[in-house]
Amino acid sequence: MPRIPTARHPQVPSARWRSTAAAKFTHLLATATLVAGTAHAQLVDNPDWQESAVPPPPAYDVKRALQIEMPAYMTLKFGIDPKTIVITPDGVVRYVVLGWREGGGTVNAFYEGVRCATAEYKTYARSADGAWRLVDNPDWKRIDERNSIYTYELSRQALCRGRAPRASVTDMVRELKRPEILLN
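The sequence shown lines up with residues -41 to -1, 1 to 143 when you count with mature numbering (1 follows the signal peptide of the UniProt record, and there is no 0).
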């Protein structure tokens, strides 16, 4: 005689398991909410923030340039003159970055500022022949690989520590001199 299959009921979790799972889920949800709120607070711009007066572009020397580690596909080289780095009271890191082709030729210089708190940068002046030309109405732009890859790399490698400038110019210069830490 064939055996008649009996209906199997799915195993129902015990009340203790359900309460433990609910507690873990509630804890996870609360933690995620707290983290999201903190991250959002860090990304929200301070409405009272004002940029301090921008000093004129400083003198730079190509011979002092510390090279910025760039992706291998980049044909241009970039470096920063460490003597031009300044952290201002408004939290902006200003500096002169230099760009050139390997083998010599023209050196382009950019006087810029990075605002680590908002992940933005601004170009104040440019030079291709040693004479600075101020940028008309410079504005803040998002730092990412699409806007300015060298600014992205510079802020990531040396200028910013999360959403704040590194503690000192000395710390920034030390990080620029240690490219080996960037190898994955």
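Even glycine gets a Cβ: it sits at the ideal position worked out from N, Cα and C.
- Fewer than three Cβ pairs drawn from the stretch 24 to 43 and the stretch 74 to 83 lie within less than 8 Å of each other, which leaves the two stretches out of contact.
- Under DSSP, the beta-bridge partners assigned to Q26 are G38.
- Going by DSSP, L113 is part of the alpha helix (DSSP H) stretching over 108 to 113.
- Setting aside the 5 residues that flank it on each side, V51 is surrounded in the same chain by G72, R74, each with a C-beta closer than 6 Å to its C-beta; the list follows chain order.
- Per DSSP, V66 lies in no alpha helix (DSSP H) segment and is marked neither H nor E.
- Taking 8 Å as the cut-off, the beta carbon of V66 is found closer than this to the beta carbon of L57.
- Burial is judged here by how many other beta carbons sit within 10 angstroms of a residue's own beta carbon; P16 has at least 16 and is buried.
- Nearest to D20 by alpha-carbon distance, out of P41, D103, L113, R115, is P41.
- Separation of A117 and S107 (C-alpha to C-alpha, rounded to the nearest whole angstrom) is 15 Å.
- Assigned with DSSP and collapsed to three states, T47 falls in coil, not helix or strand.
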